[in-house]
Amino acid sequence: MPSNSLISSTEGTTCADVADLLVGVAEVELLGADARTHVKQCLRCQAEAASYRRLRRAMRSLATEPISIDSMLEHEIMVALDVEDGRIVSRVPRGAAAVATLGGLAAAAGAIAIATRRRAS
Numbered sequence: 004m005p006s007n008s009l010i011s012s013t014e015g016t017t018c019a020d021v022a023d024l025l026v027g028v029a030e031v032e033l034l035g036a037d038a039r040t041h042v043k044q045c046l047r048c049q050a051e052a053a054s055y056r057r058l059r060r061a062m063r064s065l066a067t068e069p070i071s072i073d074s075m076l077e078h079e080i081m082v083a084l085d086v087e088d089g090r091i092v093s094r095v096p097r098g099a100a101a102v103a104t105l106g107g108l109a110a111a112a113g114a115i116a117i118a119t120r121r122r123a124s
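So for the sequence shown, our numbering puts the first residue at 4; every next one is plus one.
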């Protein structure tokens with residue numbers, strides 16, 4: 004089995020040879036001549052190449068589409084990653100941090116309003 008991304012030997016190219024190469028190339032045209040010839044003649048390898056094209060197209064579309072993630076799900080994923088890395092980190096979900104911040108600001112504004120009202124009396 005060749006170590007680079009092109010099959011250049013003139014010996015018989017197998018489906019296994021081509022399958023390993025299809026993972027690393029975007030188009031069949033980028034394969035070596037023997038591999039391209041094999042794919043043109045082999046329905047199994049044509050189907051494999053088509054499958055990789057569909058997969059790449061789907062991955063490209065995912066990269067451009069916005070994905071909304073529930074903040075608790077994101078929090079749980081981050082905590083699980085921290086645990087896996089062996090870190091002990093206290094994480095506050097982004098939504099909870101925003102609520103706590105707004106609550107603190109509201110309490111401070113209320114305290115200021117009460118203090119200024121007492122001075123005015």
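Each residue gets a CB set at the ideal place from its N, CA and C atoms; glycine is no exception.
Check	Outcome
I need the straight-line Cα distance from Asp1 to Arg120, nearest angstrom please.	With the chain represented from 4 up to 124, any question about residue 1 goes unanswered, as that position is not in the structure.
Can you determine whether any heavy atom of the ligand ADP sits closer than 7 Å to the C-beta of Val82, and answer yes or no?	No copy of the ligand ADP appears in this structure; indeed no ligand is present at all.
Tell me which residue opens and which closes the alpha helix (DSSP H) that Asp85 is part of.	74-88
Starting from Ala22, trace the alpha helix (DSSP H) in both directions and tell me its first and last residue.	18-25
Just the C-alpha distance for Ala61 and Ser54, rounded to the nearest angstrom, thanks.	11 Å
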